[in-house]
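Protein chains in written order, with full-length UniProt numbering: chain A, 1 to 558; chain B, 1 to 391. We put the CB at the ideal spot given by N, CA and C, even for glycine. Report on one structure; see the data block that follows.
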């Protein structure tokens, strides 16, 4: 009975709704009659109204917001506070870092604290098995990295490869071979991938036990794959591992009954990554002999390895052109990384590189490939870091391109663009270019390309340029804005500031500059002290200034 | 500016000696610009200041050369003495010795280093012609010879009495420096106007026999520049060519490599085979993402990061976040429709309605489990019914 009443009321509600949405007149009329049996006149009126004034209410589509939309809108309202240090530091005057070294130390210690916590959770998962939060937060819980499938089988091998256990996979592979069961080509290829990527050393998870607290960069994301990746960014030879002659990867490669293009490609990439470029080239000729086709990543790796293969510039360029022609023959389409690799090699080709680099850019435009920041960085390096600073218009054009849009990262070398560009502006002593560069950096997401070290270098150079070229009030305005939120001045920057004050004869600011120097911790630096004192003693300061700055000397004027 | 000079002096290894020398010479040359009031004069001060910077870079190079020479005094005395005797090998060997002993500095004014070596080479040429007449005296009039001579004289003096001859050296080298500074001013003016005319003149004057020293000189001077030009070929034509085509350089206009052809996007898509991402791809994607990953700049960005990681609730807050429930609320509560198989009246019905009431208030069971409960009851009562009817 209760249910029937409930059903009745809900039916009434439904009819109300339907009347509001102006459904078909016939069905609406029927329901009206059932409900408003007492007042028929009003019923007729309403029926007529609904029939005559059939406004079509167009429902707007329901907006679905991203889960981050509210937070992003709020975050966009917050501007940078010029008087505070970065958000990651405690906002306490005693605990804020004073200079660059301090800030790096503090951010590193924060990161190392986090990774220590993660280490504890990983090492003692038995204390963290109760999930008290609802819903469960998987990233804070210990990860389950032990392989579930036991026994000697291909599925077990696949699982170990998936969990990135290098040693375990190799052992299991050997066991499988000894047992006589064949391993499929795909699995072998994925094993080769694993080995070539980690270079036959241990993967980061196994390494982490040895490298506790061995962090170098204060970035937010310290996942466990950090250490090999960071070093990968540094140079061609990464993770300190050099390709050995009898490494597991080569051994497995040799005993493979059949190999496809993927096997060769991954071996080439691994060899290039771990510092055996000559072998990579030999492997590539093997691949050509077997009439396989390499993929674009392999070609990129080979082009990056060219400076290690040849010595003379013309030969290097000829080899690069060879590779590009092979790409055309094998119908492999180049991408932006290919051209970035070409330009990176041309950086080390001296005059030949300079002549050819613009043709490479034209090629990119012809293929409609958007250049990334790394492209521009290589160009700047080719043209502006050489011996003769020819005043060319390349930098102006590059700035024009960069100003237009906000970039997304496509190449690990993208992050070097802004410091290199600012260095070029400093070398050219062009303040207007620097202002334009600054504006393009603040546009959109471009600021994200500068991490803490590069940020410091960028702003230091900008500040030196400002001190050299601009008037003193502009310099002081920038100085107040930039420190300490954006960068901490180095000794060099304080020197520049003092010289700018000297040139403008604005020496009454010197006491506050001295305060800053003391706060930065440079008060013991001999040359800075000498500079400051020589400026102070250069002229006789008028009496009024004595009162403010040197109250002790009131009775004893110079 | 003074400090900059001092810094370079310190860096050159000459220590306070050079700084004092440099300051002295600088004061002599820049007496007038001192005491300027207008800030706008900063720009005007640039040029003489920068010139002085450039000049001091060469002076520091010279000092390092002297130091280098004093350091390796013995070997170079021998070669220097030999050079005075040999005629054909003098310029090349001398140049090589000088440049080999020179400590290369990392300075942004390498242009003038090259200039200086060109000048020494040119002066070496002149020396070849007029070596005999001007060998022994202390010539201060002829600028050309003076530079070549002090090297040997410095060498000899420094080798013989280093400590005591310090004041003597100071005066002499001061005058040397002044002469050299004046020379460099001239050459910078000339360079500004005429490009590499000096070198061209020098090289065009030489006969075929002296072509090789010039070529080697050019090559060695290029080696000095830290560009690491390991190419053994003649670099001169390449270096001049970019200068001439400077005006035409642009990112937009120019010749292509003409290696690739643009394929239509359809063929591109056809060529792309879908395969599961390998470890290379995954790691590369992570690397790319890490390029623009910066620590959060304010509290909201930190909350954004936490939301992405799943640590924070998602706004607007959904009570059922994390709870997987396929059924909507009415399927939990309105369970009456499952009672169709039971009799409509009687204690069983009453009992079952109570069961349904209890189930509808139970938040812990899924809809399936509730239906299973009702099914169980139905089966039970069906069995019992048979029993009852038997009885």
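Quiz item: Taking DSSP as the reference, what is the three-state secondary structure of residue 96 (chain A)?
Solution: For the purposes of this step, residue 96 (chain A) is taken as residue 96 along the first chain, with counting starting at 1. Correct three-state label for residue 96 (chain A): coil.
| query | If you drop the 5 nearest sequence neighbours on each side, which residues of the same chain put their C-beta closer than 7 Å to that of residue 194 (chain A)? | reply | Here residue 194 (chain A) is taken as the residue at index 194 of the first chain, counted from 1. Shown here for residue 194 (chain A): same chain residues with a beta carbon closer than 7 Å to its own, the five before and five after excluded, namely 161, 164, 166 and 169 in chain order.
| Is residue 421 (chain A) helix, strand or coil when you go by DSSP? | One-based indexing of the first chain puts residue 421 (chain A) at position 421. Three-state result, residue 421 (chain A): helix.
Spatial neighbours of residue 295 (chain A) in its chain, beta-carbon cut-off 6 Å, leaving aside the 5 residues before and after: Within the first chain, residue 295 (chain A) is the residue found at index 295, counting from 1. Answer for residue 295 (chain A): 265, listed in chain order.
| request: Could you check the C-alpha separation between residue 509 (chain A) and residue 501 (chain A) for me, to the nearest Å? | output: As a working mapping, residue 509 (chain A) is identified with position 509 in the first chain. As a working mapping, residue 501 (chain A) is identified with position 501 in the first chain. Roughly 8 Å separates the two Cα atoms.
Notebook entry, point to check: Name the chain A residues that come within less than 7 Å of residue 262 (chain B), Cβ to Cβ?
Noted result: By one-based count along the second chain, residue 262 (chain B) stands at place 262. Going along chain A in sequence order, the residues near residue 262 (chain B) (Cβ under 7 Å) are 366, 367 and 368.
Compare the beta carbon distance of residue 339 (chain B) and residue 370 (chain B) with 8 Å and say whether it is the shorter of the two.
As a position in the second chain, residue 339 (chain B) is number 339, starting the count at 1. As a position in the second chain, residue 370 (chain B) is number 370, starting the count at 1. The beta carbons of residue 339 (chain B) and residue 370 (chain B) sit no closer together than 8 Å.
DSSP state of residue 300 (chain B), grouped into three classes?
Here residue 300 (chain B) corresponds to residue number 300 of the second chain, with the count starting at 1. Three-state DSSP puts residue 300 (chain B) in a helix.
State the DSSP-derived secondary structure class of residue 338 (chain B), mapped to helix, strand or coil.
-> Start at 1 with the first residue of the second chain, and residue 338 (chain B) comes out as number 338. Residue state, collapsed to three classes: helix.
Taking the alpha helix (DSSP H) that residue 271 (chain A) belongs to, which residues open and close that run?
Translated into positions along the first chain, residue 271 (chain A) becomes position 271. Per DSSP, the unbroken alpha helix (DSSP H) holding residue 271 (chain A) starts and ends at 261-273.
Can you check which of these residues, A:252, A:400 and A:375, is closest to residue 171 (chain A) by C-alpha distance? For this step, residue 171 (chain A) is matched to residue 171 along the first chain. Its Cα nearest to that of residue 171 (chain A), the residue A:252 stands out among A:252, A:400 and A:375.
Give me the chain A residues within the contact set of residue 315 (chain B), using Cβ-Cβ distance strictly less than 8 Å, ordered along the chain.
Start at 1 with the first residue of the second chain, and residue 315 (chain B) comes out as number 315. Under the 8 Å cutoff, chain A gives 67, 70 and 71.
Straight-line CA distance for residue 354 (chain A) to residue 382 (chain A)? For the purposes of this step, residue 354 (chain A) is identified with residue 354 of the first chain, where counting begins at 1. For the purposes of this step, residue 382 (chain A) is identified with residue 382 of the first chain, where counting begins at 1. So the two alpha carbons sit approximately 6 Å from each other.
ask   = Of all the residues that make up the segment 87-99 of chain A, which are near chain B by a beta-carbon distance shorter than 9 Å?
value = Residues of the segment 87-99 of chain A with a C-beta less than 9 Å from any C-beta of chain B: 87 and 88, listed in chain order.
Requested in this report: Find out if the Cβ-Cβ distance for the pair residue 75 (chain A), residue 485 (chain A) is shorter than 8 Å.
Outcome: Working through the first chain from its first residue, we reach residue 75 (chain A) at position 75. Working through the first chain from its first residue, we reach residue 485 (chain A) at position 485. The Cβ atoms of residue 75 (chain A) and residue 485 (chain A) do not sit closer than 8 Å to each other.
Q) Taking the C-alpha atoms as reference points, what is the distance between residue 460 (chain A) and residue 112 (chain A)? A) Within the first chain, numbered from 1, the residue matching residue 460 (chain A) stands at position 460. Within the first chain, numbered from 1, the residue matching residue 112 (chain A) stands at position 112. Roughly 27 Å between the two C-alpha positions.
*Whose C-beta lies closer than 8 Å to the C-beta of residue 148 (chain A) among residues of the same chain, with five residues either side of it excluded?*
For the purposes of this step, residue 148 (chain A) is taken as the residue at position 148 of the first chain. Around residue 148 (chain A), the same chain offers 159 as residues with beta carbons nearer than 8 Å, after the five sequence neighbours per side are excluded.
Notebook entry, point to check: How is the alpha helix (DSSP H) around residue 359 (chain B) delimited, first residue to last?
Noted result: Position 359 of the second chain holds residue 359 (chain B). 347-360 is the extent of the alpha helix (DSSP H) around residue 359 (chain B).
Original post:
Which chain A residues sit within Cβ distance under 9 Å of residue 366 (chain B)?
Top reply: Within the second chain, the letter at position 366 stands for residue 366 (chain B). Correct list: empty, because the minimum Cβ distance to chain A is about 17 Å.
Margin query: Between residue 359 (chain B) and chain A, is any beta-carbon pair separated by less than 8 Å?
Written below: Your numbering for residue 359 (chain B) matches position 359 in the second chain. No, residue 359 (chain B) lies away from the interface with chain A (no Cβ there is under 8 Å from its Cβ).
Measure the Cβ-Cβ separation of residue 564 (chain A) and residue 414 (chain A) and say whether it is below 8 Å. Here chain A covers residues 1 to 558 and nothing more, so residue 564 (chain A) does not appear.
So with CB distances below 8 Å, who are the chain B contacts of residue 197 (chain A)? As a position in the first chain, residue 197 (chain A) is number 197, starting the count at 1. Below the 8 Å Cβ cutoff, chain B contributes 279, 280 and 283 as neighbours of residue 197 (chain A), in chain order.
Shorter than 8 Å from the beta carbon of residue 355 (chain B) to some beta carbon of chain A?
-> Taking the second chain and counting its residues from 1, the one referred to as residue 355 (chain B) is at position 355. Residue-level contact check: residue 355 (chain B) does not touch chain A, since none of the beta carbons of chain A fall below 8 Å from its beta carbon.
Practice prompt. Can you tell me which of A:408, A:362 and A:301 puts its alpha carbon nearest to the alpha carbon of residue 398 (chain B)?
Written response: Past the boundaries of the shown model lies residue 398 (chain B); chain B is included only from 1 to 391, so the question cannot be answered.
query: Using a Cβ-Cβ distance under 8 Å, would residue 449 (chain A) count as near chain B?
result: In the first chain, residue 449 (chain A) corresponds to position 449, counting from 1. Chain B contact via Cβ: present.
(message) I believe residue 304 (chain A) touches residue 310 (chain A) by the beta-carbon criterion, under 8 Å. Please report the beta-carbon distance rounded to the nearest angstrom.
(response) Walking along the first chain from the start, residue 304 (chain A) turns up at place 304. Walking along the first chain from the start, residue 310 (chain A) turns up at place 310. The Cβ separation is near 13 Å, so there is no contact.
For residue 298 (chain B) versus residue 78 (chain A), is the C-beta spacing smaller than 8 Å?
-> Translated into the one-based positions of the second chain, residue 298 (chain B) becomes position 298. Translated into the one-based positions of the first chain, residue 78 (chain A) becomes position 78. Pairing residue 298 (chain B) with residue 78 (chain A) gives a Cβ-Cβ distance under 8 Å.
TODO: Note down the Cα distance separating residue 300 (chain B) from residue 88 (chain A), rounded to an integer number of angstroms.
DONE: Position 300 of the second chain, counted from the first residue, corresponds to residue 300 (chain B). Position 88 of the first chain, counted from the first residue, corresponds to residue 88 (chain A). If you take the alpha carbons of residue 300 (chain B) and residue 88 (chain A), they lie about 13 Å apart.
Next item on the list: Could you round the C-beta distance between residue 340 (chain A) and residue 375 (chain A) to whole angstroms and report it? I think they count as a contact, below 8 Å.
Entry: By 1-based counting over the first chain, the position of residue 340 (chain A) is 340. By 1-based counting over the first chain, the position of residue 375 (chain A) is 375. Sure, about 6 Å apart at Cβ, within 8 Å.
Is it buried or exposed, residue 178 (chain A), if we count other Cβ atoms within 10 angstroms and call 16 or more buried? Within the first chain, the letter at position 178 stands for residue 178 (chain A). Classification of residue 178 (chain A): exposed, given that the 10 Å Cβ count is below 16.
Neighbourhood of residue 156 (chain A) by C-beta, 8 Å cutoff - its chain only, sequence neighbours within 5 removed
Sequence index remark: in the first chain, residue 156 (chain A) carries index 156 (1-based). Taken in chain order, the residues that qualify are 147, 149, 150 and 172.
Q) Secondary structure at residue 187 (chain A), three-state DSSP: helix, strand or coil? A) Taking the first chain and counting its residues from 1, the one referred to as residue 187 (chain A) is at position 187. Helix, per DSSP.
Is residue 334 (chain A) close to chain B? Criterion is C-beta to C-beta, closer than 8 Å. Within the first chain, the letter at position 334 stands for residue 334 (chain A). Judged by the 8 Å Cβ criterion, residue 334 (chain A) is in contact with chain B.
- Query: In whole angstroms, what is the alpha-carbon distance linking residue 109 (chain A) and residue 97 (chain A)?
  - Reply: The count along the first chain starts at 1 and reaches residue 109 (chain A) at position 109. The count along the first chain starts at 1 and reaches residue 97 (chain A) at position 97. So the two alpha carbons sit approximately 12 Å from each other.
- Query: In whole angstroms, what is the alpha-carbon distance linking residue 95 (chain A) and residue 302 (chain B)?
  - Reply: As a position in the first chain, residue 95 (chain A) is number 95, starting the count at 1. As a position in the second chain, residue 302 (chain B) is number 302, starting the count at 1. Each residue's alpha carbon lies about 20 Å from the other.
inquiry  = Please report whether the beta-carbon of residue 327 (chain B) lies at a distance below 8 Å from any beta-carbon of chain A.
reply    = Here residue 327 (chain B) is taken as the residue at index 327 of the second chain, counted from 1. Output row for residue 327 (chain B): interface = no.
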